[in-house]
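These notes are about the structure you will find just below.
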Amino acid sequence: MTDIILRTINLTKRYKNRLAVDHLNIEVRQGEIFGFLGPNGAGKSTTIRMILRLIFPTEGDVEIFGASLKEAGHRALERVGAVVEKPAFYGHLSALRNMEILGGLQKPVSRRKIMKYLERVELADRAGDPVKTYSHGMNQRLGLALILLKEPQLIILDEPTTGLDPQGMKEVRELILELSRERGVTVLLSSHLLYEVEMIATRMAIIHHGRLRVEGSVNDLLKKGPSGVLIKADRPAEAIQFLKTNESYRSARIHSDGGINIELDQDSIPELNRQLVNAGFNIKALVPQRSLETYFLNLIEGHEGADNP
Ligand code: ADP
Ligand code: MG
60 MTDIILRTIN LTKRYKNRLA VDHLNIEVRQ GEIFGFLGPN GAGKSTTIRM
110 ILRLIFPTEG DVEIFGASLK EAGHRALERV GAVVEKPAFY GHLSALRNME
160 ILGGLQKPVS RRKIMKYLER VELADRAGDP VKTYSHGMNQ RLGLALILLK
210 EPQLIILDEP TTGLDPQGMK EVRELILELS RERGVTVLLS SHLLYEVEMI
260 ATRMAIIHHG RLRVEGSVND LLKKGPSGVL IKADRPAEAI QFLKTNESYR
310 SARIHSDGGI NIELDQDSIP ELNRQLVNAG FNIKALVPQR SLETYFLNLI
360 EGHEGADNP
């Protein structure tokens with residue numbers, strides 16, 4: 060199977076008695092944008108750091124372009140470009156100079172090539188400005204330009220949009236999509252936001268407590284229709300007590316933001332609404348939720364329900 064670009068094999072990392080990553084098996088295929096989704100602390104960064112050989116697994120291995128990381132070491136990463144943390148640049152130097160220095164560590168790179176990639180990430184007009192004057196979004200884009208110099212076939216990004224404002228998030232997302240389309244480059248990106256993964260990924264895996272929970276095509280996973288509802292009501296704590304008295308609303312759960320989530324048939328929403336209103340609750344919103352959304356929300360809140368969405 061040559062179309063598998065990256066595979067983790069029982070990849071495991073133990074910190075003292077905490078299993079950060081627990082026998083993880085995921086596969087990233089040629090040309091796809093693979094979303095690696097999980098709540099904070101799920102083990103995403105630890106996995107990515109093992110893939111990039113920044114830390115060593117306690118157990119297991121990674122295969123990249125068919126080569127075992129254990130056997131091939133850094134050579135397995137030749138075709139890989141990655142941005143794992145906020146990229147570190149020399150703040151007082153220009154983007155151009157940073158690219159020359161950091162991009163030319165192995166062999167010198169031409170200004171023409173550097174400008175081509177700075178243009179690609181829409182930083183050409185700021186190429187001469189010191190990087191310390193850049194916004195967080197511009198920093199992320201510069202990080203991407205830097206790895207593009209290497210013309211990687213697999214790009215690995217750990218939470219590329221975290222900390223960006225909505226506009227910055229959109230720009231980075233669009234850039235990733237375009238790179239994937241233009242160059243056919245394969246992308247593995249992590250996120251703790253389902254909607255973000257939905258927007259750009261073709262396949263995804265969800266991990267929690269270091270373990271794989273779901274893996275599949277984003278379309279297939281999302282096809283599983285609506286299966287619940289999110290209620291925004293005043294006095295949520297009382298509302299949930301009221302709901303729990305009814306057998307049909309047994310699954311009602313309150314989330315940390317005060318929203319109440321119930322697994323139920325969409326046809327039952329009007330009746331649910333009537334009952335809440337009749338009982339004197341003000342309903343601000345009733346939002347249908349797809350099964351994956353409900354599932355992911357429950358994972359985040361630490362309700363360990365069924366292992367399938
Ligand atoms: P994510 O990136 O999904 O938010 P991480 O991979 O950073 O999650 O962390 C997974 C788990 O491993 C967390 O419980 C975290 O506290 C723990 N962890 C991460 N790095 C270390 C470390 N160097 N030492 C001890 N525990 C760690
Ligand atoms: Mg992380």
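Residue numbers (the numbering used here): 60 to 368. Where is the CB? At the ideal position from N, CA and C, for every residue including glycine. The structure displayed is predicted, hence computed values, not measured ones.
Where the beta strand (DSSP E) through residue i begins and ends
i: Asp81; result: 77-83
i: Ser276; result: 270-276
i: Thr67; result: 63-74
i: Glu122; result: 118-123
i: Leu96; result: 92-96
i: Thr192; result: Here Thr192 belongs to no beta strand (DSSP E), and DSSP marks it neither H nor E.
i: Ser249; result: 245-250
Residue i: CB within 7 angstroms of a non-hydrogen atom of the ligand PLP
i: Tyr74; result: With respect to small molecules bound, the structure shown includes the ligand ADP and the ligand MG and not the ligand PLP.
Nearest-angstrom Cβ-Cβ length linking residue i and residue j, presumed shorter than 8 angstroms
i: Leu96; j: Ser250; result: 6 angstroms
i: Arg179; j: Ala204; result: 7 angstroms
i: Val121; j: Thr105; result: With 8 angstroms as the limit, Val121 and Thr105 do not qualify as a contact, their Cβ atoms being about 13 angstroms apart.
Contacting residues, own chain, Cβ-Cβ under 8 angstroms from residue i (five flanking each side not counted)
i: Met174; result: Leu155, Ala183, Ala186
i: Gly132; result: Arg112
i: Ile206; result: Gly140, Ala141, Val142, Ile214
i: Ala311; result: Ile299, Leu302, Lys303, Ile319, Asn320, Ile321
Own chain partners of residue i with C-beta closer than 7 angstroms, once the 5 adjacent residues on each side are dropped
i: Pro189; result: Gly150, His151, Leu152, Ser153
i: Glu352; result: Leu253
i: Pro116; result: Leu70, Thr71, Lys72, Met109
Contacts around residue i, its chain only, beta-carbon distance under 6 angstroms, and the 5 residues preceding and following it disregarded
i: Leu65; result: Val87, Ile123
Per-residue DSSP class, three states only, for residue i
i: Ser307; result: helix
i: Arg232; result: helix
i: Asp217; result: coil
i: Pro347; result: strand
i: His151; result: coil
Start-to-end residues for the alpha helix (DSSP H) that takes in residue i
i: Gln334; result: 328-337
i: Gln199; result: 195-207
i: Lys175; result: 170-179
i: Glu255; result: 253-259
i: Ala110; result: A small correction: the amino acid at residue 110 is Ile; Ala does not occupy that position in the sequence shown. Where Ile110 is concerned, the enclosing alpha helix (DSSP H) stretches over 103-110.
Residue-chain proximity (residue i, chain D), Cβ-Cβ < 8 angstroms
i: Leu280; result: Protein chain content of the structure displayed is limited to a single chain, and chain D is not contained in it.
At a cut of 8 angstroms, does the region 259-277 reach the region 318-325 through at least three beta carbon pairs?
-> no
Spell out a yes or no on whether the region 236-247 and the region 337-352 are touching, meaning 3 or more CB-CB pairs, one atom from each, closer than 8 angstroms.
-> Short answer: they don't touch.
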